[in-house]
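The next block holds one structure in the form of structure tokens; read it before the comments.
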Amino acid sequence: MRQRVVRVALTAALVAVVLLAVPLALAIRSSLYADQRDTLERAALSGAVRVSPDYATGDPVELPAPPAGGRLGLYDPQLRLRAGGGPRTGDAAVRRALGAEVVRGHWGDDLVVTVPVSHAEQVIGVVRASSPATAVHNRVLAVWAVLAGTCALALTVAVLIARRQARRLAAPLEELSRHSRAVTAGDLGARADPSSIAEIDQVARTHNEMLHSLTELLRHERDFTDNASHQLRTPLTGLQLTLEAGLGQDNEAGLRDALEEALTTTRRLHGTVEEVLRLSRSHGQPRAAAPDTLVPRLVHETEERWHGPLARDGRRLECEIHDAPDDVHIPGTPVAEILNILLDNARVHGRGTVRLRVRDLDNALAFDIADEGSVHDEATRLFDRGRSGNGTGTGIGLALARDLAVSLGGRLSLSSSHPVTFTLLVPVRRQDETTDREVTEGDDRSR
12 MRQRVVRVAL TAALVAVVLL AVPLALAIRS SLYADQRDTL ERAALSGAVR VSPDYATGDP
72 VELPAPPAGG RLGLYDPQLR LRAGGGPRTG DAAVRRALGA EVVRGHWGDD LVVTVPVSHA
132 EQVIGVVRAS SPATAVHNRV LAVWAVLAGT CALALTVAVL IARRQARRLA APLEELSRHS
192 RAVTAGDLGA RADPSSIAEI DQVARTHNEM LHSLTELLRH ERDFTDNASH QLRTPLTGLQ
252 LTLEAGLGQD NEAGLRDALE EALTTTRRLH GTVEEVLRLS RSHGQPRAAA PDTLVPRLVH
312 ETEERWHGPL ARDGRRLECE IHDAPDDVHI PGTPVAEILN ILLDNARVHG RGTVRLRVRD
372 LDNALAFDIA DEGSVHDEAT RLFDRGRSGN GTGTGIGLAL ARDLAVSLGG RLSLSSSHPV
432 TFTLLVPVRR QDETTDREVT EGDDRSR
């Protein structure tokens, strides 16, 4: 690109120089020749004024000094040189001047100007002024040489400026090309730096925005895969164990219990998949699901699900609805997913009794999940995706729980490091508000 910019600039400068220099050179040549002819004409006129009518009878003629390097002479009507310098016999210019006209021209190697000398309305002589044409020609060549040098200097400056501008224009484009190659090689974190050229900056910003959108899309796709695999692994294992236990039952009652438990697990799997899909569509932005579950029912279902796994590990689960009213509806599936992640985290990484407590905060509910363990990492780093505190997990659960809380318009945080306590804040709507809204929506539809 740099060579192309230099070639374009040099071509433009060369065309401009030619269009300017050629007419200027011709004008200089014409001007120098015209100046020399004017000088000769002034000398001839000055000489004609000094010629006396009596010069034919022998009166001496005093002509002025000729132009530098030239000659000045007086000719009679018989074309004889009577005074001054010049050809001994008058040439064609002298003969034309005898017709009472001033003659300017180029005869032989000389520039010639002839002026008639009149007396009593008759031409009594001709004053001839001449100078070598080579002197003017040499002056023209000298001026042309200066003009050519100026043009060459202008072209040199144009090339230097073009090369500098080419580097200035090409550098950000080359940098953008290097970033694009880095992205092609798999570095999605590469970003084009701004430059001092507005148009190229616009291209760089568009490139960065496109790359950011692509990165976010790939991240959401990757997170969806990770979230789905993380959330489905444990329920699928439990479903497999339930079905295997059902196959080992000889009586119909045991088989029916196994099938009912498997069906319940399947419903949970369905809800998990729906929730992960909802989260992937919301891209981590608040997009709350419809409140459809009462708090006591959600706490009871959660206790039923986790009492057994914790009991098999020799641990207790205590659930307490501290002051939450019974008429509060919350999005059951996403909140249940968050509680399941936190309880599973307490089962795997915590110790001692696990406590689930619900507190009323007027316009929000606080779900506290605590155990008797401790956390030594920074609270903000616990929710980083891919980070596992003791290296035994995938580092996906807490990150997924945080994203689910954000998608509900709530918040998940570590409220205590010892004992470990996670607090989930969920915005709520009272039963009367829900009813009023449903009535309003029904009225709108009826209208």
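If you use the numbering used here, the sequence shown corresponds to residues 12 to 458, in order. C-beta: ideal position from N, C-alpha, C; glycine also. In this text the structure is predicted, and so the values were computed from the model without any measurement.
**Message:** According to DSSP, simplified to helix, strand and coil, what is V339?
**Reply:** coil
**Prompt:** Buried or exposed: which applies to R413, given that a residue is buried once 16 or more other Cβ atoms fall within 10 Å of its Cβ?
**Reply:** buried
**Message:** Looking at I341: is its Cβ nearer than 7 Å to the Cβ of V439?
**Reply:** yes
**Request:** Identify whether T145 lies in helix, strand or coil by the three-state DSSP scheme.
**Result:** helix
**Message:** If I measure Cβ to Cβ from W317 and keep anything under 7 Å in the same chain, skipping five residues before and after, which residues do I get?
**Reply:** L328 and L354
**Prompt:** DSSP on G95, reduced to helix/strand/coil?
**Reply:** strand
**Asked** Pick from L425, D379, R368 and A375: whose alpha carbon is nearest that of L393?
**Response** L425
**Asked** Going by alpha carbons, who is nearest to R152 out of R15, R308 and S41?
**Response** For the record, residue 152 in the displayed sequence is Leu; it is not Arg. Here the closest residue by C-alpha is S41.
**Message:** Would V105 and T125 qualify as a contact pair, given that the criterion is a beta-carbon distance under 7 Å?
**Reply:** yes
**Message:** Residues in the same chain with beta-carbon distance under 8 Å from E312, minus the five sequence neighbours each way, listed in chain order, please.
**Reply:** A347
**Message:** Between the alpha carbons of R308 and L376, how many angstroms are there, rounded?
**Reply:** 15 Å
**Endpoints, beta strand (DSSP E) assigned at G422** = Sequence check: residue 422 is Arg here, not Gly. R422 to S428 is the span of the beta strand (DSSP E), which, as asked, contains R422.
**Message:** Taking the beta strand (DSSP E) that V128 belongs to, which residues open and close that run?
**Reply:** D121 to H130
**Message:** Once DSSP output is grouped into helix, strand and coil, what is the label at D49?
**Reply:** helix
**Option nearest L305 by Cα separation, candidates P320, I332, E314 and G343** = G343
**Message:** Assuming P320 is part of the alpha helix (DSSP H), what are its boundary residues?
**Reply:** V306 to R323
**Asked** Which term fits S142, buried or exposed, when burial requires 16 or more other beta carbons within 10 angstroms of its beta carbon?
**Response** buried
**Asked** Do the region 108-122 and the region 167-177 make contact, defined as three or more Cβ pairs closer than 8 Å?
**Response** no
**Message:** Using CA atoms only, rank isn't needed, just tell me which of L31, D324 and P302 is closest to T161.
**Reply:** L31
**Prompt:** Smallest Cα separation from G420: which of P127, N374 and N149?
**Reply:** N374
**Message:** Taking contact to mean 3 or more Cβ pairs, one atom from each stretch, closer than 8 Å, check whether the region 176-185 and the region 69-83 are in contact.
**Reply:** no
**Asked** Is it right to say A209 is buried, meaning 16 or more other beta carbons lie within 10 angstroms of its own, or is it exposed?
**Response** exposed
**Request:** Locate the beta strand (DSSP E) running through A104, then write down its first and last residues.
**Result:** Premise fails: A104 lies in the alpha helix (DSSP H), A103 to A108, not in any beta strand (DSSP E).
**Request:** State the Cα-Cα distance for the pair R18 and A24, rounded to the nearest angstrom.
**Result:** 10 Å
**Prompt:** Counting pairs of beta carbons, one from the region 53-72 and one from the region 187-207, are three or more of them closer than 8 Å?
**Reply:** no
**Message:** Please classify H190 as buried or exposed, where buried requires at least 16 other C-beta atoms within 10 Å of its C-beta.
**Reply:** buried
**Request:** Please classify N149: is it buried, with 16 or more other beta-carbons within 10 angstroms of its beta-carbon, or exposed?
**Result:** exposed
**Reference A156; option with closest CA among L35, P302 and G97** = L35
**Request:** Compute the Euclidean distance between the alpha carbons of F378 and V339, then round it to the nearest angstrom.
**Result:** 14 Å
**Request:** Quick one: grab the DSSP three-state call for V377.
**Result:** For clarity, residue 377 is Ala in the given sequence; the question names Val instead. A377 falls in the strand class under three-state DSSP.
**Exposure of V28, with buried meaning 16 or more beta-carbon neighbours within 10 Å** = buried
**Message:** Going by C-alpha to C-alpha distance, which of L21, H387, L43 and L83 sits closest to D164?
**Reply:** According to the sequence provided, residue 164 is Leu. The question's Asp does not apply to it. Closest option to L164, Cα to Cα, is L21.
**Cα-Cα separation between S57 and T145, rounded to whole angstroms** = 24 Å
**Message:** Using 8 Å for Cβ pairs, my map puts D334 next to R370. What's the rounded Cβ distance?
**Reply:** 6 Å
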